[in-house]
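Inspection log for the structure reproduced underneath, given as structure tokens.
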Amino acid sequence: MDSLGERRKKSIGSKTASLLVAQISNELYNHSLYMTFANYFALNGLDKLKDYYIGRAEEEIEHHRWIADRLNYADIEFSYPAINAIDIEIDDKVEPFITTVDAEIETTKRIYEIVNAAREEEEWETVYWLQELLVNEQTEEEHISRKYLKIAQQNDADWLTKADIILSEYQKSTEKE
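Just so we're aligned, residue 1 is where the sequence shown starts under the UniProt record's numbering, counting upward by one.
See below:
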């Protein structure tokens, strides 16, 4: 933060605030992506994978709310950013799982960029908040995405069995939170 006067108006630096607003768009994009996958699996008769992706989409909405609440708490005035349209063709049932891992890796990179900006701006409260909430959550999201990709890629199980395992494991992981 550059000056005491600026700190009186808001408690997050401009660069960090800008990256947090952009992250709102990313979280909402991931929500739309996961709802697209939910639709794909619903149309392919795999309701448990539909339910899994709806759960993942709801988590993205929650993450966006965490960020919006944090910006409000810090007195940051912002407008909701545009969300890119989902432009994806799904060629097989494994592809959504690959795309999910890739999306979560990109999200992790963006969150680390926000952490680095907060450190540069010496926004220690924001660094702590990011670490306790977003970094920890993102670590888990990346982990479960890779885990479920491995299940999806197994050739020794049919898709109904894979769907049972993935939804069951996902529900167990969300019960712990």
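Where a beta carbon is used, it is the ideal one built from N, C-alpha and C, also for glycine. Since the structure is predicted, the reported quantities are computational estimates derived from the model, not experimental observations.
Inter-residue Cα distance where the pair is residue i and residue j
i: E140; j: E77; result: 30 Å
i: R8; j: D75; result: Note on R8: pLDDT 48, under 50, position unreliable in the model; the coordinate value appears next. Distance between the alpha carbons of R8 and D75 is about 10 Å.
i: W129; j: D156; result: 43 Å
i: P96; j: K172; result: 21 Å
i: Y34; j: Q153; result: 18 Å
i: A17; j: I114; result: 9 Å
i: I24; j: E58; result: 14 Å
i: E175; j: E123; result: 32 Å
Closest Cα partner of residue i within the set the options
i: Y170; options: Y52, G45, N39, Y40; result: Y52
i: S32; options: D47, R56, L19; result: R56
i: Q131; options: S145, N116, L149, K50; result: N116
i: K125; options: A38, L71, T36, N44; result: The question names Lys, but residue 125 in the sequence shown is Glu. For E125, the nearest C-alpha among the options comes from L71.
i: D47; options: K109, E175, I165; result: I165
i: K93; options: K162, L167, T174; result: K162
For residue i, the first and last residue of its enclosing alpha helix (DSSP H)
i: E164; result: With the sequence shown as reference, residue 164 is identified as Asp, and Glu is not the correct amino acid for it. D164 -> alpha helix (DSSP H) spans 159-175.
Closer than 7 Å: residue i CB and nearest the ligand FAD heavy atom
i: L19; result: By its list of ligands, the structure shown contains no ligand whatsoever, and the ligand FAD lies outside what it can speak to.
Alpha helix (DSSP H) runs contained entirely in the UniProt domain "Ferritin-like diiron" (10-156), provided each spans 4 or more residues: 14-43, 47-73, 95-120, 124-129, 136-153
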